[in-house]
Amino acid sequence: MLSTGAAAGAAEPIVEETTDTILKADGGGGFAQPCLHIAIPKLIDRAWESGLSILTISNCRGLLGTLWSPLEQISSTGLIGVGLCNTPAYVAWPGSRKRLFGTNPLGFGWPRRGKPPMVFDQASSVLSRGTMERLARTMGEQESLPPNAAVDHLGRLVQEPSKGLEGAMLPFGGQKGANITLMVELLSLLAGGSMALETASALDQKAAEDSTDSWPPKEEEEEEEEERVEAGLASMDRGMVFLALSP
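In our numbering, the protein residues as written are 52 to 298.
So this is what it looks like as structure tokens:
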């Protein structure tokens, strides 16, 4: 992404304090990590001063990495932390094959006296994208996905990791998980992120193509898909929201 100019390696994040409790950060078209490095300490300071503080981050490219790391940083100071962000479109609405939402992770941190904080960071899909990619890469078709984790390009439930990657992932808990995915999507949009459906990622194109497409895809088609994935990550404007609350 740096070599293509899709992400600004020399970007200088800007953090604006819009009120005593609300911070607004702009990643300048770079990666999220430098922005988090500057903004999270400010969020922590404001939360201790006011009891509650909210940070929104926009104009970031590429992978966020994890939510648990900044949440651990927040909760290690004794604060309660909540974090969420959007991702490119990997997930279909239950009953559909069209990629509509991201895996849209949601995280939570709870401080514990004299012990490390309790932190969780989970995707809104049955599996995270990274887990499914790892299963496809390391285990091939010898490893089965959990039930109702993915559909192929025809909308059929599958348990082969590679077919799930080519098709669409599914939210955990069916309709209830889809509602959480939608909530994270909308809150990320409020923070200044892009709607997954509106990005140029083309990650949902496979599921939306005509059912007469050949299967399995040819090698050149797989290479084209990888290029579309890279383009999608580059064009996706990540919207992130973090909340810090004094117990």
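Backbone N, C-alpha and C fix where the C-beta goes; we use that ideal spot for every residue, glycine too.
Just so you know, these numbers come straight off a predicted model, no measurement behind them.
Spatially closest choice to residue i from the options, by CA coordinates
i: Asp71; options: Ile91, Pro92, Ala83, Ile105; result: Ile105
i: Phe46; options: Leu196, Gln84, Thr128, Ser175; result: The requested residue 46 is not part of the displayed model; the chain covers only 52 to 298.
i: Pro222; options: Ser239, Thr189, Gln124, Val177; result: Val177
i: Gln84; options: Lys166, Glu217, Thr117; result: Thr117
i: Gly146; options: Ser213, Ala229, Thr138; result: Ala229
i: Ala62; options: Asn110, Leu205, Lys75; result: Asn110
i: Leu94; options: Met183, Gly81, His204, Ile131; result: Ile131
i: Gly80; options: Ser297, Asp288, Pro298; result: Asp288
i: Leu87; options: Ala143, Gly218, Ser120; result: Ser120
i: Phe171; options: Ala242, Ala200, Ile125, Pro212; result: Ile125
i: Gly198; options: Arg188, Pro212, Ile231, Thr69; result: Sequence inspection shows Pro at residue 198; the Gly mentioned does not correspond to that position. It is Pro212 whose Cα lies nearest to the Cα of Pro198.
Where the beta strand (DSSP E) containing residue i begins and where it ends
i: Phe294; result: Looking at the sequence provided, one finds Leu at residue 294 rather than Phe. Looking at the DSSP string, the run of the beta strand (DSSP E) that includes Leu294 is 289-296.
i: Leu157; result: 157-163
i: Gly215; result: No beta strand (DSSP E) contains Gly215, which is instead part of the alpha helix (DSSP H) from 212-217.
i: Phe152; result: 150-152
i: Val133; result: 131-136
Collapsed DSSP secondary structure at residue i in the structure displayed
i: Asp77; result: strand
i: Asp235; result: The residue you asked about is not Asp; residue 235 is Val in the sequence shown. Helix at Val235.
i: Asp255; result: Low confidence applies here, because Asp255 scores a pLDDT of 44, under 50, leaving its location unreliable and the question unanswered by this model.
i: Glu63; result: coil
i: Asp71; result: coil
i: Ala229; result: helix
i: Pro121; result: helix
i: Gly206; result: coil
i: Lys166; result: strand
i: Ser109; result: strand
i: Ser306; result: Residue 306 is absent from the structure shown; the chain starts at 52 and stops at 298.
i: Ser176; result: strand
i: Ala200; result: coil
Extent of the continuous alpha helix (DSSP H) to which residue i belongs
i: Leu94; result: 83-101
i: Ser180; result: Sequence check: residue 180 is Arg here, not Ser. Start and end: 180-189.
9 Å Cβ cutoff, residue i in contact with chain C
i: Phe223; result: No chain C appears in this structure, which consists of one protein chain only.
Beta-carbon proximity check, residue i vs residue j, cutoff 9 Å
i: Ile108; j: Val292; result: yes
i: Gly206; j: Leu240; result: no
i: Gln173; j: Leu196; result: no
i: Ala98; j: Ala295; result: yes
i: Pro156; j: Ser179; result: yes
i: Asp203; j: Gly225; result: no
The segment 230-240 in contact with the segment 152-169 per 3-pair CB rule at 8 Å: yes
Sufficient close CB pairs (3 or more, under 8 Å) joining the segment 157-171 to the segment 124-141: yes
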